[in-house]
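Participant:
Protein chains in written order, with the numbering used here: chain A, 49 to 219; chain B, 1041 to 1664.
#1: Let's see if you can read the secondary structure: which residues bound the beta strand (DSSP E) around residue 145 of chain A?
#2: Can you give me the Cβ contacts of residue 129 of chain A inside the same chain, cut-off strictly under 7 Å, excluding the 5 residues immediately before and after it?
#3: Which residues of chain B have a Cβ atom closer than 9 Å to the Cβ of residue 176 of chain A, listed in chain order?
#4: Entirely within the stretch 1149-1174 of chain B and at least 4 residues each: give me those alpha helix (DSSP H) ranges in chain order.
#5: Out of B/1226, B/1104, B/1591 and B/1256, point me to the one whose CA is closest to residue 1044 of chain B's CA.
#6: Got a sec? Which residues, its chain only, sit under 7 Å from residue 1215 of chain B by beta carbon, not counting five neighbours each side?
#7: Report yes if the CB atom of residue 1654 of chain B is closer than 9 Å to the CB atom of residue 1522 of chain B, and no otherwise.
#8: What does residue 120 of chain A reach in chain B if we use C-beta pairs closer than 9 Å?
#9: Using the rule of at least 16 other Cβ atoms within 10 Å of the residue's Cβ for burial, across every protein chain shown, is residue 64 of chain A buried or exposed?
#10: So which residues on chain A does residue 1477 of chain B lean against when the C-beta distance must stay under 7 Å?
#11: At a CB-CB cut-off below 9 Å, which residues of chain A make contact with residue 1355 of chain B?
#12: Counting along the chain, where does the beta strand (DSSP E) carrying residue 1261 of chain B start and finish?
#13: Within its chain, find whatever has a CB closer than 7 Å to the CB of residue 1318 of chain B; leave out the 5 residues flanking it on each side and keep chain order.
#14: Leaving out five residues before and five after residue 1344 of chain B in sequence, what residues of the same chain have Cβ atoms less than 7 Å from its Cβ?
#15: Taking Cβ-Cβ distances shorter than 8 Å, what residues in chain A pair up with residue 1352 of chain B?
#16: Can you list, in chain order, the residues of its chain whose CB lies under 8 Å from that of residue 80 of chain A, leaving out five sequence neighbours each side?
#17: Where residue 72 of chain A and residue 1457 of chain B are concerned, what is the direct C-alpha to C-alpha distance, given to the nearest angstrom?
#18: Is residue 1495 of chain B a contact residue of the ligand HEM, with contact defined as CB to any heavy atom under 8 Å?
#19: Just checking my contact of residue 1656 of chain B with residue 1520 of chain B at CB under 8 Å: how many whole Å lie between their CB atoms?
#20: Output needed for residue 1637 of chain B: all residues of its chain with C-beta closer than 7 Å, excluding positions within five of it in sequence on either side, in chain order.
#21: Hey, residue 1108 of chain B and residue 1188 of chain B: beta-carbon distance below 9 Å or not?
#22: For residue 1365 of chain B, which residues from the same chain have a beta carbon less than 8 Å from its beta carbon, with the 5 sequence-adjacent residues on both sides left out?
#23: Any beta carbon of chain A sitting closer than 9 Å to that of residue 1624 of chain B?
#24: Are residue 1621 of chain B and residue 1577 of chain B closer than 9 Å when you measure CB to CB?
#25: I need the DSSP call for residue 187 of chain A, collapsed to helix, strand or coil.
#26: Of all Cβ atoms in chain B, is any one closer than 9 Å to the Cβ of residue 191 of chain A?
#27: Among B/1436, B/1437, B/1073 and B/1101, whose alpha-carbon lies nearest the alpha-carbon of residue 1197 of chain B?
#28: For the putative contact between residue 1441 of chain B and residue 1518 of chain B, defined by C-beta atoms under 8 Å, what is the C-beta separation to the nearest angstrom?
#29: Going by C-alpha to C-alpha distance, which of A/121, A/115, A/149 and A/124 sits closest to residue 137 of chain A?
#30: Evaluate residue 1162 of chain B with the Cβ neighbour count: other Cβ atoms within 10 Å of its Cβ, from every protein chain shown; 16 or more gives buried, anything less gives exposed.
#31: Which same chain residues, not among the five before or five after residue 202 of chain A, have their C-beta less than 6 Å away from its C-beta?
#32: Checking contacts by CB at 9 Å: is residue 1366 of chain B closer than that to chain A?
#33: Any idea what DSSP makes of residue 1399 of chain B, helix, strand or coil?
#34: DSSP on residue 1449 of chain B, reduced to helix/strand/coil?
#35: How far does the beta strand (DSSP E) with residue 122 of chain A in it extend, from its first residue to its last?
#36: What did DSSP end up calling residue 1054 of chain B once you bin it into helix, strand or coil?
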């Protein structure tokens, strides 16, 4: 009797393990980190041309999509993506904000006069701390912001594919 | 093309050969006193067909026959011949064919080597083994056919994953499989023996050879995998508690326990249930390992085949085997109360039994750590990853009593042991603890835990050394393995305590300074090789008055397009200097990771010692 109960329990638990493994098989085993919608950091910065201090609250206040692009004149891939930004700046739904990362004013100015200025506003990040607050890994990096939330983040230079993705989201 | 067809049809005919084997075996089971020679002949034919099939695959790889899908997926014309051949078993289909080959080879050797044993036992073992063999045949032909035909024929293959192009990894799968598959013989044999109530001293004496063989190969297989991870993956560690590593460790733990139990059964004809259950468990864990690895159910650094259909097949097969074995265990196994032999508290049996329980504990920790994330994911969709801290916290404290019992156990006699004349056990213990205290106290680590831990490892070490000489090398095999184990624990502990690491970003010409050493990045050279472009960094490590030159490398492979980081390691007797280099995106800086890893060489040596002990024991056996 005792052994019968024991074997019954063994069989039941084995069936349980079987079902769990079976279900596990059909689950994807590719790990994907959950995309958490993060709020944009609060900060204040000095603008590039007028040298006024502005707060992050006033920059992203409108009911509009914003694209925060971290760039520097010394960064080669930034040059590559620049024409894409210019292209994007023609879109009314979108306002592009530049964050000039660890740069020298003169070089940055030359960069813009040579390649054009897609930015609505440019903020200065002399020591690179603001980029860190945004959680950036390096330059260039681009954040798509809507209603004070980071919807999407692009590490490295933008390409045609990511531009299309941005346009899709905006529409 | 030709070789593939030959291989494929050999496989089919091999499967068909199982029919006459079954037929003659069952016929033979009822009648004659002696084993029908036809059975052996047909087993030989089956083995022969599988060998031909395997050679068919090897030749397809050697001649880069890209009409074969497996070759196309895993080979390339520019690959060196050695890696073309090792590519045969470096992939899912080929490795299963290797499994099948070893299964057949082992059962054939078993039939030849077991002439003096009960006829029906031999036949039943063959039958159980045939069930496994048929399972693998069907699996291969149905869902993992290594000989799939591709049309139109591609001109070039996709190439073997470069991190698999390594000599240690080329022989790692075959060796590990010899160990895994060896456990299948133990499994079939224990089922046969239980059915016939044949779990006796004679049986134990004979099956111990198989246990030793599997154990040696499994130990060496794990060692090779570990060496590969250390040198090739460039993570600077030897064990990561990665699920795929764990599934090879679990059968090893069960098999080691079985090895000790079978000795008890052989000498004292007790612990019968332990032996039966452990034999079944060991094989089940091996199969379970194959399932977990091959089905892609696990998240792991090892990226293997990821196909639910294959997983389902192995899973079903595995559970059929488990049900058969449980059925046999519950129906046929009778715990014979009259026959059970008692032993006193202080005896070899008790100590082996205690350590069995410790081993079972370690086994459960690893098992839970490996499968719990799967369970949790299925039940609550929550994804967790179980890392080294879990294993360390649960395993390390229990190593202390384990080591102490392991030291004392061999000093005791069977049945009952007296405590007289055993004063040295206590003296050596005190000395070991004192010694480890003086080593540990200045190191700035947790003194109590480390003192006791290192002390117990020293204890095992010294007791075994004493044993080795006082018994005049009579028990050299056991002593060597135990010595190896104590050395292993010591090396791992010291490695943990003394390891140093620096991670920094440098560009060519820059220096990194530290109060102890200086790293100079002197040069970077680009070179085009046959199937990759190499970027070699030249580093100078200045420590005290010594200078070491280290040259790590980044390889950009063309087929498939993968960047691998080749660590450069200066190996010395006491410590390894280990440097790896990685790219930082879009910048001229490189990420440099420099590590000093003491006693790594000793970890390999001690595992070799452990398996050497097993080998000597095997060679000394009279009935080999």
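Note that beta-carbon positions come from the ideal geometry of N, C-alpha and C, so glycine has one too.
Remember, predicted model here, so these are calculated numbers, not experimental data.
Facilitator: Let me lay it out:
#1: 142-149
#2: 188, 205 and 206
#3: Residues of chain B passing the Cβ test: none, with the nearest at roughly 14 Å.
#4: none
#5: B/1104
#6: 1257, 1260, 1261 and 1264
#7: no
#8: Result: empty, since nearest Cβ-Cβ is about 11 Å, beyond 9 Å.
#9: exposed
#10: Simply none; closest approach about 44 Å.
#11: 66, 69, 70 and 73
#12: Taken as a continuous stretch (DSSP letters only), residue 1261 of chain B belongs to no beta strand (DSSP E), being part of the alpha helix (DSSP H) at 1241-1268.
#13: 1294, 1297, 1298 and 1301
#14: Confidence at residue 1344 of chain B is low in this model, with a pLDDT of 47, below 50, so the placement of that residue should be treated as unreliable; the coordinate-derived value is given next. The residues are 1132, 1333, 1334 and 1336.
#15: 70 and 73
#16: Here residue 80 of chain A scores only 43 on pLDDT, less than 50, and its place in the model should not be relied on; the value that follows carries that caveat. So the list is empty, once near-sequence residues are dropped.
#17: 51 Å
#18: The ligand HEM is not part of this structure, which contains no ligands at all.
#19: 7 Å
#20: 1276, 1535, 1539, 1615, 1616 and 1618
#21: yes
#22: 1227, 1231, 1320 and 1324
#23: yes
#24: yes
#25: coil
#26: no
#27: B/1101
#28: Not really, about 20 Å apart at Cβ, beyond 8 Å.
#29: A/115
#30: buried
#31: 190 and 210
#32: yes
#33: helix
#34: helix
#35: Counting along the chain, residue 122 of chain A falls outside any beta strand (DSSP E), and DSSP gives it neither H nor E.
#36: helix
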